Structure formats: structure tokens, C-alpha cells
Amino acid sequence: MNRRVAIVTSWFGRDLKGGAEQLAWQVATRLAARGHDVEVLTTCCRSFLDDWSVNHLAPGESEEEGVLVRRFPVDRRRDGEFAAANNFVLSIPRSSLLPGVSPFTCGTGDTFVYENIKSARLLRYLRRNKTSYHAFIFLPYLYGPILNGLPLVAERAWLQPCLHDEAYAYLPRVEELFRMARGILYNSDGEAQLARRLYGPGIAAREVVVGVGVESVGGGHRVDRVGPLRMGRDRFILCLGRRDVHKNTLFLARAFAAFRRNHPGADLKLALAGPGEEKYSDAAAGVIDLGLVSEEEKEALLSHCLALFHPSENESYSRVIMEAWFHDRPVAAHRRCLATAIAVSRAGGGWLADGESEWVELLARVSDLPESELLALGRRGREYARRYAVWDRVIDRYEEVLGLTGEEKPRITVRTGLAAVHQLLPGFAFGDAISNQAMLIRDFLRGQGLRSTIFTETIDPSMTREGELFSGGKKIRPDHGLIYHHSIGSGLMPFLRGFKGPRCLVYHNITPPELVREHSPELAEQLQQGLDDLPELARLFPVSAGVSRFNARELEEHGFQQPEIMPICVDPAKWNIPAATPVMFELQDGRTNILFVGRVVANKCQHDLIRAFGLLRRFDPSARLLLVGGYDEREAYYQDLVRLIDELGLRGDVFFAGKVDDSYLHAYYRTAHLYWSMSEHEGFGVPFIEAMWFDIPVLAYRSSAVPETLGEGGLLFTDKGDLEQVAALAHLLVRDQDLRERVLAGQRQRRRDFLPENVLPVLERLLQRMETTCRAGRS
Amino acid sequence: MIESNNPRIDVAELLALVQKEVDRQRQKVETGGSEAAAAQEGETNNPYQWAQLSATLDVAQQNVDAGARLSTFLNYRRSVRWLVRGVGRVILYFGRVITVPQRDFNSAILHALRITLNGIRDMNRFTDQTVRRLDARLEEQAGQLAELARRDREKDHLIGYLKASLVMQERRISLFLDEARRCLPETFSQEELGEFVREKGHLLDSLYVTFEDKFRGTRGEIRERLRVYLDILRAAGAGSEEQPVLDIGCGRGEWLELLRDEGLAGRGVDLNDTLAHQCRERGLAVETGDAIAHLRSLPEASLGAVTGFHIIEHLPMETQLELYGEAVRVLRPGGVAIFETPNPQNLLVGACNFYADPTHKRPLYPETQKFFLEYRGFSRVELKFLHPHEPGARLPEDEAPELAARLNDLLSCARDYAVIGYRP
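Protein chains in written order, with the numbering used here: chain A, 1 to 779; chain B, 1 to 424.
Listed below in C-alpha cells is the structure:
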């Protein structure tokens, strides 16, 4: 089997400067060294710094360190227009960049994409030879061959973006690359986090953090003095890297001076090393600027410092942090720098600080810590660095991800003798959790080679392509399997009574009728009928499952035998679509967005939510409540809510978004700061899990299946008596970074339980039970 | 209230946090919650993005000649490229109906935008400068205000002290009177009555102080006017510890203060108890008492100089002569006496201004005073005329020069004079 891998990049060579260029060289040569068939597809342009319209190098094939390099000539381009577009992009202040909102006008975006470095021949080669490669790695994200080449071979393309939080990353075409690529390779956890912030959780399932190798030169032990510093005798904090404003070096020097003022007796020094125009030396405050140091001196400094302080706020990947960890030294990073902060907190190999006073405090703490504790922190960092910054481990991960090891990842399969399994629902509607689950099951079954159709009593006009209206059940033959989703009373009972084939009931819970009787008596009637049907259904269905333990228990109470639990599947891949731009733009205006998703019905208690929200506004006058979910303007409950909003003076701060399509729902989730539920009845609560995927902290009233769905995620409150306290809790969840992180950590763990790979095994078990019980019944 | 479902969260700690948040909120409501308003104000102060604006205009500039040129069509194979270019040229040619006026429109609009942008930029710069200037001035005034407030506080403090001490004095007096009444069952003797009558003379003291403050001029002005006499004193060798200056009727003590600042020794005597008290408060050596009596108490040839500014016009002639006689006695040989008084040669002074002070007796003719001093034994007696009206107050001399000059001599000549004599 052909396992040829191509790395597509704009420039290629051993001596090229720049992180991405070096990365391409290392990955290509190291994969080749392991015997893989590696090619590089690149241009005849020499480097980033040269004229992109000039072919400096000869086109054609050549070999460099076991890698076949194919160079293609670059085309002429409108340099002036590109420069203008590029200047425009660079002029956009970072503060005005909003995820999901293109900062470009249509024209500048196109100019940037099409007048970038370009090679029509390279693109043609990709188009024609797509199938002769096993995988393509495109890197980095912002040049012509990647922007225009990746879409041509998307199903085999791995994007290695080397992403920064910069204006280019907000270009719609860049977002498209992330959405269409087969997989995305990140250099660090921080980069992955940034990409999710920019493009949503839809890309999460395809991401892999491969890491970047860091090579150590060694030889630090031969140096016993760097500048005035005596290695092994002077106690000092090290700050490595370019000294300029953006790297916060001056900021650290200032914090250090403040620390020395507070602790006049301290013998601690701050050593700065790296290139830079300005000198920061301040002998009185103990700041020593060593300027540019040799590699050996750097090693010596790293192994003898107390800790490495890395105050920069703008990093996508920091090599020095890994280097410090390889020397068992702990690291302090800026809390606001995503990439470094995540590395430090994941590794547990140091501390985070923000603001001068926190840095000063941290310096004092580090100055007093015994060496044993510093070493313990450094060792934890080393563990992390060994995983993500040793080339052998990194290349292992490339091999695994690209499928070069020869072992295929096991796919989920279902063993069943049934030729067809159909599903039957009382209603089939767009955006409805039960309908979505039915579609997921159908797609999975079809993927397994079974025939599968969704039959439904009523159907949403927009869904007619997905399901079929139930007409007496002639199409469901007795040797076909049937999964019936029960959630309300319906006219399907006569058919169910007569069906004798393999069958299973999935119970999605019935809202207690008394909760809605006041406002919607008709609905209450249907619900009541659904409840009344349960004992009879228990006799009809030997195999059953509830979507949660809560539901399974209800099934047992009505006489069902050994009901299984099959949670509703919530797959973030669903969100691999662009978020609706108008919403993204409107809702990222600095106000706090509070979200609840669910039909406007009394049991979801939107009235309590509005009341509590009114109290939250006292804590946070910029808060706004978004109620997403279908409503009927003629319904009494809706009208009551509108009256309540007026009474509380919240008109203009509470919005009914109505029933929205996925791209809008995506945008509401992406912009929300808190998901807040007051609902008193949830059979499962899909939006809770969805909110978890969007990293929105969840605050929910403890009722029905809510605690079970949330698991360790979110925050549960048990009392609606003191709404002011609940509002304060909501405010804390929005503002208190620490609390938020703790809640999100729980949610990140919990949401994985609803991924298809964790849900589908239950389906397999159900199908087997359906078959065996049916066979047993016949015999 | 909070259910513990996440081991990472300490519920008790969180509940405490919630309570703290609620309390803080309640407090904020009580204090008026100006925080939110301040936060909102901060947001509006967003600097305009010039770089972005001009970069946007550059993008527009690149496309200003839309429809004038053809793409290179390098993406097409060479054989197709000429055909595509030909078609393109034809489209461009016919499109000129629209593109030519459009291009004119584009460049005009762009030009206008650039002018507007520059205008706004200049205005912004100007506003910035103005704001900075105003800020600086405001800061300066805030400093001055703070200084004033500090002084005001000091004064308040002083007034408080004075009030308290006044109350205490009154109490002392009433105690004293009670005691006196008990000790003196008899009616007041003749001698005691005389003492009371003498006290009665001081009843108008404070009125006169207020009067002086209002009519005489500020302390600074007076000090400047008196500076002319310093050289005379120094020439006469007066002002040393052995040859001090005695100022008769020293008033608010401007002269004594000037002497002190110039390093000359001097003391004063004034009949007005309030003024004398004020002088002593300023650390000046001033006694309350009658000038003649004081001079009499002094030994012969014990002073370097005797001065009296605007004092002799308060005295009847006999007393004047007595004063001059005592003065010459107490002066050392070579010592100097200086007496300043309003000059009646100036018609305005003689006919009107002199009478502004109701305690003035009569205007003094300069030559008479000179004669009195000489008569009492002074030598080298001279008259020094001072303080003419400012030139602006003089009559213009261009129309009737002679008349104007004569009138000016009468109306604008020296308003004061001093008679100066030395002990032989």
C-alpha cells in the first residue's frame, strides 16, 4: 500500500530562518530517516524574505537528506495590491478582531488569498496527483500554496497551521481550511485552544497536538561564569529571549526592582539574556543584562537559575520553557498568554502571574522556596517536555496520526444479523434532540451496511429529505428491526401492538403534564396519554433503553425489564460549520451574554430565569439574556413572560431568538459567557452538553435528569428561594477566572462521555438483545 | 444551596464567596454605584485608528482605475491566454461607457476622503494639544486651590483658638471683678476712677485698627514706601544694638519689620493697645504707651534714631515741641530724627485727603516743622518731599501748557514730606 506523504510549504531548505520553515525541514528529514516515503512540494522562490514573484531556484526534482523535493515555478502577481491588502490587515488593531467576523472586505480578502505567493503548476500537480499520496501536510497556514492548495486535496490534507492570534487567522478562507482539512496538527496545547476559540469546537474531533522537538546542545557544565554571574554560586532568576516591549522584558525588570525595594536584604538577581537594542541593566536593583549569549552560556544559565521567568504575553509556542524543563527548572509564565500559560498549567511545572503586583509577589515566593520544591516543579515540567518536545516522541505521533505505522485505528462496528433496522418517532423536527439522535443512529446503521429509515407521525417540512411520513407501517417488514422513540402520546399504538419483529423502545422522558397544564392544556393531554401508554408498552417491548439513568428508572417503575441506558450522542463535529456572522458581530460587543436553549414552555421555567437575570443585572449591568428556542406568540406562557420582562424593566435586555438553525445556534453558543438553566424538568438536556463543548460554564437548577447529565460538569444549585444568591453565583461564574476554570475542567471531562464512540456500543448491545429476544419469542 | 458535584470545587468556600459578592453589591447600591458609570465613560475614549483608515484608503487606491487594465491571465494556458485577453479588451472597450465616469468618480471621492481625513487628523491633533494644555492648567490650579484650602484651614484653626481664649479672658475678667468687688467694699477711689478714665481712651483702639487697614494701604505698599529712609539711617550709623531706632506711633509695625529684615535694631511704642499687641505677636519689640512719657523714661543719648511716620499731625503744637525736645535729648550725637507727615502744599492733600483721618489735628506747614526742629536743637535739618501722584494722574500739558503745569504743581506734587534733623 502506498504511504507516500507530501509536505506542502512555500519555501524549503535546511538553512531557512523561521519556526515553520525549520519545522518543515525537521519533520520531512526525520520522517524520511525512519524510512518513510516523504516528498516536499514547494516553490522555486528562495525564502520569505525574497521577492515572491521571482524563481531563484530551478524547477524540478532534487533530493535533500533523503527527501524528494519537487519545486514548482511561482507566477507573477500583483505585488502592489497584495502589499496594500497586507498593510490593511496589519493595520487592524488586535482589539477589533472578533472570532467569526471577517475583518477583511471581500476584495482585500480575495487579494490576500489570490495575490499571495502563487504557483499554478503546484496547484495543478496537487489536483492531478491527489490519489498517489497517502497524506499531505500543509504548513503554515497563511501562504498561497496552502490557502489555495489544501482545498484541492482536503480529504487527505493535514493542516499544520502554526497559528498565532493575528488578523490573518480571522480570514474566512483560513477558517475554511480548518473546517475542510482531514486533520489539524498543532505544536502546542495553547495553539489548539486558540484555534478552538477562533473556529469553535467543530474542529476538536480532528485535532492532534503533535508537539515540536527541542534539541539540546549540551556543554553548559564547562561554563562557570557568564558576565558577572558566577554559576552555581549566585542566586538568580533567568529571563531568556528578545528584549522588547512586546516580550514584557522591561515589565519584568520593573517588577524585579519593586521586589528588591520590598526586600532590601534579598540577594536574588535577575539575569536577562537575548538579543535586543536596549540595555536594561540596573546594578542597584540587581538586574543584569547579559545581552546575546552563546549556546553553551545559555545552557549554563538554564541549569543554574532558580527559575525561568517568561513574562511575554504574545507567544504561540515557547521553546525556552521546554528547555528550562529539560534542565529541571520551574517556569513562570504570563497568565494571559494562552500558549505558555496552558503549557505551564498542564505540566504543573511552575506558576502563572498577571499584573505587576502578582509578579512581585511571585518573585518573593520563589526567592524563599527551598531547592527541593523548585526541583520538584521542574521535574514535573520535564515530564511534560519529554512528551511533547523530544523529536522521537513527536515523530512517533506524526506516524500514528498519518497512519504510517501500518496499524489502522479500530472502527466501531456492530455485529448483527438484521438486514434492516428502522426507527419510528411520534414527531420529526429540525433541531429537536430526539430527531438528531434518530439521524445519528440511522447514519451509523447505514455506515454498517444496514438499511435504515426514519418513519414519523408528523414531520417538519424542512426535514422531508431526512425522514418519511408513517403510513400504516407497510414498509416495516416483520423481519426488520424497529427502534421506537417514546416521548409523548401518539397514534402509533395500534401499529406497535401488532408489530412482532425485533424491537426496542428508547425512552426520552415525558414532561409531567401538570407542569404545562395551565398554559397548554392540549399538550398536557398528549403527555398524559404518553404516560398512560407506558404500562402497555412495557408488555410490548422486551428490550428498552432510557437516555439517562433517570429515564431508565422511570421505565422500570412502569414495568419494563432491565432497561439499558443509551445517552443521547452529542458530537461536536456537528459544529464544523461557520457561525452566523451577524450574531457573532452583534454579540461580541463587550456585554455579558447569558444563554438558555430550550422551547419556551412553563416547565423550562424561563420566568424564573428572567427574574434571576433581573437580579444579576445589579451585579453586572452589561448582562443580556438570550433565550433560544421555539415559541408561539399566542401562547399564554409567552405572553406572561413578555409582561414579566416589562414589569422588571428588562425590555431590550432579554431576547427571544426563536427557533434557529445550526449556524445561528453555533453563534449563540460561541458568544455566550454563561449557560443558565432554571428548568424544573429535563429528560436529558442536550444543550448542557453542547454548552460544555463550547466551554461555557453551566449553572443549573437541580431537577429531574439535570444532575445526571451534568455529572462533574457545571454547577448545580438546589434552592430557588434566594434568587439573589443564585444571581451572585452566576456573576461569579462569569467573572471569577479560577472558579470558571474549575467548572470548565469538570465539563471538559464530562462532555467526552457523550461522544459517539461511547454511545454506540450501547446501541450494539441493544441490537443484539433485540435479535435474541425476538428469536426466543418465536421459538 | 450549591450541590457538590465537582471535586475541584470547595462548596463552603464558594458559598462564602457568593455571600461576599452579595454584600459587596448591597454596599454598592447604598453608595450609589458610580463604578458602572465610570467604566462606561472609559470605553468611549477609544483612540481612532488612523493607520487602519489610511491603509483602507490605500486598498481603495489600488482599485481606483477599475476597468482600465486587464488581468495577466497567467493561470490560462498560453494558447488560450491570447483569446481570453482579446475578449477582455473588447469588454473593457465597451465598458468604458460606465468605467470612465466611474473612474473619475472614484478618484474624486478618494481625493475628497483623503482631504477630509487630513482635516480630521489636524483637528484631532489640535484638540489633543488643547486638552493637554487645559489639563496642565487645571493641574496647576488644583495645586493653588489646595494651597488656599490649607491656609483656610490654618485660619480656621487660629480663629477657633482665639474664640476659646476670648471666652476664657471674659471669664477671668468676671472672676476678677467679683473678687475685686468682694475685696473692695468701698466705692472706687479717685485714683481708681482715673485709671478707668484712662482705659476709656483705648475704647476706640480697635476701630482705629480697622480704619488703618482700610485706608492706609497694604503692608507691602507701606514697607516699600519706607525703604527710602534706610540709607539715611545707615549714614547716621543708627540701627546697631548700641544705637537702636525708636519708632514713635509704630502702628502695624511695617517699619520695624523692615528694619528687622534689613538687620537693623529697632523697637516701637504705640498708644493703641490692639496695634501694639499685634506687633508683639509678630515678634517685634513694641510697648503700649504714650510716646512722650516713653521718651522721658529713656536715658540721654541712648538711641541712634527716632522716627515717627504720620504721627505728628495727630499732636497739638505743644506736644510736638515737647516731642522734638525729648527726641534730641535721647539721641546720641550724630543721631537722626525723621518725622513724616502729609504735605499741605499739595492742594488735594491739604484741602481734602488730610481730613480722611478724623483723628488728625491740623495740616502742618513744612517750613514751620523745619523751624521747630531747629529751634529744639537739631542741626542740618532738611525737608524731603515724597510720593507725588503717578504721571497718569497729571493733567495733560499739550493744550494749555502753562496752566496745566501750574495746576500740576499744585495738585500732583508730593503728597507727603519728612522733616529730618540730626543731633549735633
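We put the beta carbon where it would ideally sit given N, CA and C, even for glycine.
All of these numbers come straight from a predicted model, not from anything done at the bench.
Element boundaries [alpha helix (DSSP H), containing residue i]
i, result
"F619(A)", "Q606 to F619"
"C337(A)", "Premise fails: C337(A) is in no alpha helix (DSSP H) and is neither H nor E."
"S318(A)", "It is not in any alpha helix (DSSP H) - S318(A) carries neither H nor E in the DSSP assignment."
"F178(A)", "P172 to M180"
"K384(B)", "Where K384(B) is concerned, there is no enclosing alpha helix (DSSP H), although the beta strand (DSSP E) it sits in stretches over S379 to L386."
"F371(B)", "P366 to Y375"
"F105(B)", "R78 to C183"
C-alpha distance - residue i paired with residue j, whole-angstrom precision
i, j, result
"L264(B)", "P264(A)", "53 Å"
"K247(A)", "R76(A)", "37 Å"
"V29(B)", "L648(A)", "17 Å"
"A291(B)", "L298(B)", "11 Å"
"D409(B)", "G220(B)", "28 Å"
"A157(A)", "E536(A)", "53 Å"
"E764(A)", "E65(A)", "50 Å"
"L83(B)", "D58(B)", "32 Å"
"A433(A)", "D79(A)", "51 Å"
"L147(A)", "Y141(A)", "7 Å"
"D67(B)", "G95(B)", "In the sequence as presented, Asp is not what sits at residue 67(B); that position holds Gly. Taking the straight line joining both Cα atoms gives about 7 Å."
"F48(A)", "G109(A)", "20 Å"
"G447(A)", "L505(A)", "22 Å"
"D722(A)", "E21(B)", "14 Å"
"H56(A)", "D738(A)", "53 Å"
"A327(B)", "V306(B)", "7 Å"
"A20(A)", "L139(A)", "7 Å"
"A351(B)", "Y365(B)", "13 Å"
Run of the beta strand (DSSP E) containing residue i, from where it starts to where it stops
i, result
"Q423(A)", "V421 to F428"
"P342(B)", "L331 to P342"
"E207(A)", "E207 to V209"
"S677(A)", "L674 to S677"
"G183(A)", "G183 to Y186"
Beta-ladder partner(s) of residue i, from DSSP
i, result
"W11(A)", "Paired residue(s): none; W11(A) is not in a bridge."
"W255(B)", "Answer by DSSP bridge pairing: none, since W255(B) is not bridged."
"H558(A)", "The partner list for H558(A) (beta bridge, DSSP) is empty, contrary to what the question assumes."
"F72(A)", "T43(A)"
Other residues of its chain near residue i: CB distance less than 7 Å, five sequence neighbours each side excluded
i, result
"L314(B)", "Per the sequence shown, the amino acid found at residue 314(B) is His instead of Leu. So the qualifying residues of the chain are T359, H360 and K361."
Residue i - DSSP class collapsed to helix/strand/coil
i, result
"Y816(A)", "For residue 816(A) there is no data in the structure shown, the boundaries of chain A being 1 and 779."
"G263(B)", "coil"
"Y638(A)", "helix"
"A657(A)", "strand"
"T511(A)", "coil"
"N148(A)", "helix"
"E397(B)", "coil"
"E3(B)", "strand"
"G447(A)", "helix"
"F309(B)", "strand"
"D270(B)", "strand"
"G48(A)", "In the sequence on display, residue 48(A) carries Phe and not Gly. F48(A) falls in the coil class under three-state DSSP."
Same chain only: Cβ atoms within 8 Å of residue i, ignoring 5 sequence neighbours per side
i, result
"G88(B)", "L70, S71 and F73"
"R227(B)", "L258"
"S379(B)", "G421, Y422, R423 and P424"
Sequence-distant residues of the same chain with beta carbon closer than 6 Å to residue i, five excluded per side
i, result
"K659(A)", "G630"
"Q40(B)", "In this predicted model, Q40(B) has a pLDDT of only 42, less than 50, meaning its place in the structure is not dependable enough to derive any value."
"E35(B)", "Below a pLDDT of 50, predicted positions are generally treated as unreliable, and E35(B), at 49, falls in that range; the measurement from the model is reported next regardless. If we look at E35(B) and ignore the five residues flanking it on each side, it has no Cβ neighbours."
"R752(A)", "none"
"D289(A)", "L272, K279, Y280 and S281"
"Q529(A)", "G489"
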